[in-house]
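In what follows, a structure is listed as structure tokens, so that the remarks can point back to it.
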Amino acid sequence: MAGGSEQGLRQRKQAATALAIERSAVALVLEHGLDAVTVDMICAASGVSQRTFFNYYRTKDAAILGAAPGKLDERQVREFLVSDSPDMLEELLGLLASLVPVNADTRELVAPRMRIISESPALMQKEMERLSGVHEEVAEVLYLRMRRAAPADESAEDTRRQSALVAHLVPGILRFSLEQGDGAAPGAISGLLARALTRLVPVRLTDRSGTETQAPPRL
């Protein structure tokens with residue numbers, strides 16, 4: 001028991017140190033600009049030594065970007081693949097929830113971090129590289145689920161293109177979820193996105209004569 005308590009305390013201290021470094025890095029970049037901020041400045045602001053800093057982050061950019069995205073939970077992936085729910089998007093968002101930090105202290109860095117990334121092509125490229133693994137994993141999981149429910153006349157290539165397209169939306173959905181905070185339940189985001197997409201691409205109906213018409217956008 002004592003060993004477990006000590007390990008838990010050590011993990012909490014490590015998490016607190018990492019958060020202090022990331023907070024300082026983000027705040028300094030917002031104040032001085034990315035190019036002007038140095039590792040020394042981040043260490044001074046967060047109260048850690050350079051040695052401690054490099055135990056947590058290899059570079060200044062790594063501290064600004066924060067922890068890399070995690071992996072999808074294998075059990076949840078299996079449940080997603082065998083589900084017959086008609087609301088695949090809501091289930092996908094539930095699956096992605098494990099990638100979204102639930103710590104309120106971490107959430108507060110999302111908006112300023114996104115602002116910094118959006119203003120730096122170099123950081124944007126690094127963030128895209130970090131997300132590429134998640135994108136590929138999500139695209140493959142989506143393909144397997146969508147292929148199982150695909151119409152008989154739909155080719156595997158068409159299904160794969162659809163899954164890849166939806167997977168490209170995932171980073172934006174995750175950012176939106178983070179920015180919304182605790183009110184961004186999977187069901188709420190799923191409904192919001194469905195309404196937005198319906199306005200962009202109205203539902204197409206076919207009448208008895210076979211003529212295709214557009215239904216009015218849902219409100």
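Residue 39 in UniProt numbering sits at position 39 of the sequence shown; the count goes up by one each step and never skips.
The beta carbon of each residue, even a glycine, is placed where N, CA and C say it ideally should be.
For residue i, I'd like the list of residues in its chain whose CB is within less than 8 Å of its CB, leaving aside the five on either flank, ordered along the chain.
i	result
residue 226	An answer regarding residue 226 cannot be provided, because it is not within the stretch 1 to 219 covered by the chain.
Leu122	Note on identity: in this sequence residue 122 is Ala, with Leu being the wrong assignment. Hits under 8 Å: Asp61.
His168	His135
In this structure, does DSSP put residue i in helix, strand or coil?
i	result
Glu22	helix
residue 229	No statement about residue 229 is possible, as the shown extent of the chain runs from 1 to 219 and does not include it.
Pro112	helix
Pro86	coil
Val37	coil
Glu137	helix
Ala149	coil
Ala48	Note that residue 48 is Val in the sequence shown here, rather than Ala. It is coil, neither helix nor strand.
Would you mind giving the Cβ-Cβ distance between residue i and residue j, rounded to the nearest angstrom? I have them listed as a contact below 8 Å.
i	j	result
Ala156	Arg147	7 Å
Val166	Leu142	6 Å
Val37	Val29	5 Å
Leaving out five residues on either side along the sequence, give the residues of the same chain with a beta carbon under 7 Å from the beta carbon of residue i.
i	result
Ser24	Ile42, Ala45 and Ser46
Glu22	Ala63, Gly66 and Leu109
Ala164	Ala139
Leu131	Pro69 and Pro171
Can you give me the Cβ contacts of residue i inside the same chain, cut-off strictly under 6 Å, excluding the 5 residues immediately before and after it?
i	result
Asp153	none
Arg51	none
Met124	Ile117
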